[in-house]
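Undergrad: Here it is, the structure in full.
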Amino acid sequence: MHEPRQRQLRATRPSPDSLFRLVDAHLHARARQRDRRREPIRPTPNDDRITHGDTLVGHPNGDTLTGTPYRIELGCPTRVSPNSEPKQPEWFEVFFDLIFAVAVSFWAERVASEPTIGAYARGVGYLVPIWWVWLGQTVFATRFPAGSRTVQALSIIQVVSVGLMASQLFEYRPESASFPLAFVAARASLLTMYRRAARLSPEARAVARVYIIGFGTGAAIWAVSALLPAPSRPYAWVLGIAVDFATPWIGRPTLARVPIDYHHLASRVGVFNSLLLYVAMEGIVRALAHEGLNRTSLAAALLAFTLVVGLWWIYAGRVNTADLRTVRGGIAQPYLYSQFLVVLGVGTCSIGIRALGEGHHEALTLLAAGVFFWIGGLVLIRAVVLRHRDRYWYIPFAAALLLVPLLAAAGLPPLITFALFDAIVLGLLTIELRHGKGHSGPEHHL
């Protein structure tokens with residue numbers, strides 16, 4: 007009586023052949039989906055655009071290092087795949103950053119020739135425009151394609167302009183008309199890059215419009231300053247830089263349409279700050295050459311080397327592409343502006359080391375200021391930008407911010423004070439390495 011039921015079950019049971027056909031059909035369907043996603047990128051008659059099917063996606067050069075196109079789709083912002091590898095700086099970017107590191111070295115050498123607090127304060131004001139030119143090209147390269155020959159040629163114009171600005175600082179003629187006109191040339195080059203990028207998509211056009219209006223206004227103020235009397239020019243420069251600083255904040259909703267590649271941004275910033283290590287090392291060599299080889303000079307050189315390497319190691323161990331997975335609030339400006347304190351700290355340490363080798367009485371003050379600015383920049387990045395909360399990390403770094411100025415004002419012998427600075431930095435490095443090892447999970451932010 008159960009035989010008809012068994013025959014019915016055997017009739018409805020899938021045969022091995024049918025199972026193989028079903029799996030094969032499924033695999034073919036998946037392969038067709040992958041092929042459609044990998045549809046070849048076809049350049050349009052306008053070489054500055056590429057399409058994927060009927061959708062505009064970006065520049066034909068795309069990421070020139072990996073060969074993948076930038077995808078700026080109509081109606082939606084760019085997105086970075088979570089599985090994609092972070093972009094590393096290209097060779098041209100390293101060259102670009104190196105030239106700016108040389109400009110910072112010129113600045114440090116000029117200030118070190120007159121290591122007083124007043125001269126240093128004026129020098130910081132002249133360093134800001136040089137760093138601002140570097141930052142402008144860096145932000146552009148982390149948002150839009152920057153590997154084409156035209157963009158690189160425009161970037162070289164910025165390099166030449168900064169070289170002219172640095173030469174005016176080195177000769178101590180910053181109030182000359184050449185300094186603001188060189189800055190205007192650098193901004194004009196950057197604005198041309200944004201004008202080219204505006205053709206990529208409606209979102210790119212809106213982003214470029216924000217920068218063209220804001221940075222164009224700031225550049226116009228700098229151009230007009232060349233016509234003013236020399237003592238009045240710095241006031242116009244402050245106004246122009248203020249307009250530039252305010253532009254990304256005012257245009258935040260529009261700039262969010264084409265987000266920055268934060269992996270690339272962190273790599274660029276890290277490489278630039280590592281290149282600045284050259285500035286501090288040059289200060290050590292110059293101080294050693296000035297003093298000659300003796301026990302005191304060798305001890306000072308060893309202490310300076312330990313300080314510089316310790317500062318760099320702390321930065322390199324944590325401020326990297328793995329740490330900057332997410333910027334809180336999606337805004338890059340606080341992170342970028344905080345980096346200026348790191349740049350200023352490295353440059354000021356170099357000035358202090360050179361001044362110490364020449365026996366200037368302000369040397370320890372400048373050295374302490376360099377360490378203070380560097381630690382303050384890192385704390386600011388964590389506390390304000392990324393809102394990282396960890397008392398185990400904050401208490402020692404905050405204590406160092408208080409202790410460094412006190413040691414500089416204590417009146418101890420220079421080498422003793424220098425050794426105490428080294429002890430503080432090495433202690434922070436030990437805490438940082440232990441902290442990084444215990445907080446290296448995928449959800450941990452800087």
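Residues are numbered in this note's numbering as their position in the sequence shown, beginning at 1, plus a constant of 6. Each residue gets a CB set at the ideal place from its N, CA and C atoms; glycine is no exception.
1) Please report how far the alpha carbon of residue 312 lies from the alpha carbon of residue 421, in whole angstroms.
2) In angstroms with no decimal places, state the Cα-to-Cα distance between residue 250 and residue 220.
3) Of all the options 390, 428 and 142, which has the alpha carbon lying nearest to the alpha carbon of residue 376?
4) Could you tell me the alpha carbon to alpha carbon distance between residue 58 and residue 236, rounded to whole angstroms?
5) Taking all protein chains shown into account, do 16 or more other C-beta atoms lie within 10 angstroms of the C-beta of residue 208, making it buried, or fewer, making it exposed?
6) When you compare the stretch 343–359 with the stretch 122–141, are there three or more beta-carbon pairs, one atom per stretch, that lie closer than 8 Å?
7) Using a 10 Å radius around the Cβ and a threshold of 16 neighbouring Cβ atoms, would you call residue 155 buried or exposed?
8) According to DSSP, simplified to helix, strand and coil, what is residue 121?
9) Of the residues 350, 103, 345 and 367, which one's Cα is nearest the Cα of residue 387?
10) In angstroms, rounded to a whole number, what distance separates the CA positions of residue 260 and residue 210?
11) Starting from residue 282, trace the alpha helix (DSSP H) both ways and give me its first and last residue.
12) Measure the Cβ-Cβ separation of residue 431 and residue 317 and say whether it is below 8 Å.
13) Using a Cβ-Cβ cutoff of less than 6 Å, which residues in the same chain neighbour residue 140 once the five nearest sequence positions on both sides are dropped?
14) Please name the residue in 256, 192, 351 and 396 whose C-alpha comes closest to that of residue 380.
15) Whole angstroms is fine: what's the gap from residue 253's alpha carbon to residue 300's?
16) Under 7 Å Cβ to Cβ from residue 339, same chain only, skipping five residues before and after it: list those, please.
17) Classify residue 15 as buried or exposed, calling it buried when 16 or more other Cβ atoms lie within 10 Å of its own Cβ.
18) Look at residue 307 and residue 293 and say whether their C-beta atoms are less than 8 Å apart.
19) Measuring straight from C-alpha to C-alpha, what distance separates residue 296 and residue 186?
20) So what's residue 96 in DSSP terms, helix, strand or just coil?
21) Whose C-alpha, out of 191, 257 and 120, is nearest the C-alpha of residue 368?
22) What's the call for residue 454, buried or exposed, on a 16-neighbour Cβ count within 10 Å?
23) Give the straight-line distance between the Cα atoms of residue 267 and residue 203, rounded to the nearest whole angstrom.
24) From residue 440 to residue 322, what does the alpha carbon distance come to, in whole angstroms?
25) Quick check on this structure: which residue in 315, 99 and 193 has the alpha carbon closest to the alpha carbon of residue 223?
26) Taking only the alpha-carbon atoms, compute the straight-line gap between residue 124 and residue 263 and give it to the nearest angstrom.
27) What's the gap between the Cα of residue 435 and the Cα of residue 396?
28) What do you reckon, are the CB atoms on residue 170 and residue 199 nearer than 8 Å?
29) Which one of 245, 303 and 274 has the shortest CA to CA distance from residue 102?
30) How many Å lie between residue 195 and residue 164 at the Cα?
31) Secondary structure at residue 367, three-state DSSP: helix, strand or coil?
32) Are there 16 or more other CB atoms within 10 angstroms of the CB of residue 111, so buried, or fewer, so exposed?
33) Comparing alpha-carbon positions, which option in 244, 138, 417 and 258 lies nearest residue 215?
34) Roughly how many angstroms lie between the CA atoms of residue 175 and residue 280, to the nearest whole one?
35) Relative to the C-alpha of residue 403, which candidate in 414, 206 and 385 has its C-alpha closest?
36) Under a three-way DSSP split, which group does residue 130 fall into?
TA: According to the structure data:
1) Within the sequence shown, the letter at position 306 stands for residue 312. Within the sequence shown, the letter at position 415 stands for residue 421. Their backbone Cα atoms lie some 13 Å apart in a straight line.
2) The sequence position of residue 250 within the sequence shown is 244, counting from 1. The sequence position of residue 220 within the sequence shown is 214, counting from 1. So the alpha carbons of these two residues sit roughly 6 Å apart.
3) Position 370 of the sequence shown holds residue 376. Residue 428 is the option with its Cα nearest to residue 376.
4) Here residue 58 refers to the residue found at position 52 of the sequence shown. Here residue 236 refers to the residue found at position 230 of the sequence shown. For residue 58, the predicted model reports a pLDDT of 36, less than 50, meaning its position is unreliable; a value from the coordinates is still stated below. Those two C-alpha atoms are separated by around 54 Å.
5) Here residue 208 is taken as the residue at index 202 of the sequence shown, counted from 1. With fewer than 16 Cβ atoms within 10 Å of its Cβ, residue 208 is classed as exposed.
6) yes
7) In the sequence shown, residue 155 corresponds to position 149, counting from 1. The residue in question, residue 155, is exposed, as its Cβ has fewer than 16 Cβ neighbours within 10 Å.
8) On the sequence shown, position 115 is the one that residue 121 refers to. Residue 121 falls in the coil class under three-state DSSP.
9) Taking the sequence shown and counting its residues from 1, one reaches residue 387 at position 381. Among 350, 103, 345 and 367, the Cα nearest to that of residue 387 is on 345.
10) Counted from its first residue, the sequence shown places residue 260 at position 254. Counted from its first residue, the sequence shown places residue 210 at position 204. The straight-line gap from Cα to Cα measures roughly 9 Å.
11) For the purposes of this step, residue 282 is taken as the residue at position 276 of the sequence shown. Premise fails: residue 282 is in no alpha helix (DSSP H) and is neither H nor E.
12) Position 425 of the sequence shown, counted from the start, is the residue given in the question as residue 431. Position 311 of the sequence shown, counted from the start, is the residue given in the question as residue 317. Closer than 8 Å, so yes.
13) Reading the sequence shown from its first residue, position 134 is the one you call residue 140. Contacts found: 106.
14) As a first step, residue 380 is located in the sequence shown; it is residue number 374 there, counting from the start. Closest by alpha carbon: 351.
15) The residue labelled residue 253 in the question sits at position 247 within the sequence shown. The residue labelled residue 300 in the question sits at position 294 within the sequence shown. Going by the C-alpha atoms only, they are around 53 Å apart.
16) Working through the sequence shown from its first residue, we reach residue 339 at position 333. Answer for residue 339: 254 and 255, listed in chain order.
17) Taking the sequence shown and counting its residues from 1, one reaches residue 15 at position 9. Residue placement at residue 15 cannot be trusted, given a pLDDT of 47 that sits under 50; the coordinates are not used to answer.
18) Your numbering for residue 307 matches position 301 in the sequence shown. Your numbering for residue 293 matches position 287 in the sequence shown. It is a contact, given that the beta carbons lie within the stated cut-off.
19) Counting from 1 along the sequence shown, the entry for residue 296 is found at position 290. Counting from 1 along the sequence shown, the entry for residue 186 is found at position 180. Near 34 Å, if we compare the C-alpha coordinates of residue 186 and residue 296.
20) Start at 1 with the first residue of the sequence shown, and residue 96 comes out as number 90. If DSSP states are grouped into helix, strand and coil, residue 96 belongs with coil.
21) As a working mapping, residue 368 is identified with position 362 in the sequence shown. Ranking 191, 257 and 120 by Cα distance to residue 368 puts 120 first.
22) Here the chain has residues from 7 to 452 only, and residue 454 is not among them.
23) Indexing the sequence shown from 1 puts residue 267 at position 261. Indexing the sequence shown from 1 puts residue 203 at position 197. Near 16 Å, if we compare the C-alpha coordinates of residue 203 and residue 267.
24) The count along the sequence shown starts at 1 and reaches residue 440 at position 434. The count along the sequence shown starts at 1 and reaches residue 322 at position 316. Taking the straight line joining both Cα atoms gives about 14 Å.
25) Translated into the one-based positions of the sequence shown, residue 223 becomes position 217. Comparing Cα positions, the closest option is 193.
26) Looking up residue 124 in the sequence shown gives position 118. Looking up residue 263 in the sequence shown gives position 257. Taking the straight line from one Cα to the other gives about 43 Å.
27) Mapped onto the sequence shown, residue 435 falls at position 429. Mapped onto the sequence shown, residue 396 falls at position 390. Straight-line Cα distance between these residues: approximately 16 Å.
28) As a first step, residue 170 is located in the sequence shown; it is residue number 164 there, counting from the start. As a first step, residue 199 is located in the sequence shown; it is residue number 193 there, counting from the start. Not in contact: residue 170 and residue 199 (Cβ atoms no closer than 8 Å).
29) Residue numbering aside, residue 102 sits at position 96 when the sequence shown is read from its first letter. The option with the nearest alpha carbon to residue 102 is 274.
30) Counting from one through the sequence shown, the residue named residue 195 turns up at place 189. Counting from one through the sequence shown, the residue named residue 164 turns up at place 158. Cα to Cα, the separation comes out at about 7 Å.
31) Counting from one through the sequence shown, the residue named residue 367 turns up at place 361. Residue state, collapsed to three classes: coil.
32) Position 105 of the sequence shown holds residue 111. Looking at its Cβ environment, which holds 16 or more other Cβ atoms inside 10 Å, residue 111 is buried.
33) For this step, residue 215 is matched to residue 209 along the sequence shown. Of the candidates 244, 138, 417 and 258, the one whose C-alpha sits nearest the C-alpha of residue 215 is 258.
34) As a first step, residue 175 must be located in the sequence shown, where it is residue number 169. As a first step, residue 280 must be located in the sequence shown, where it is residue number 274. Each residue's Cα considered, the two are about 23 Å apart.
35) Taking the first residue of the sequence shown as 1, we reach residue 403 at position 397. Considering only alpha carbons, the answer is 385.
36) Your numbering for residue 130 matches position 124 in the sequence shown. Residue 130: helix per DSSP, three-state reduction.
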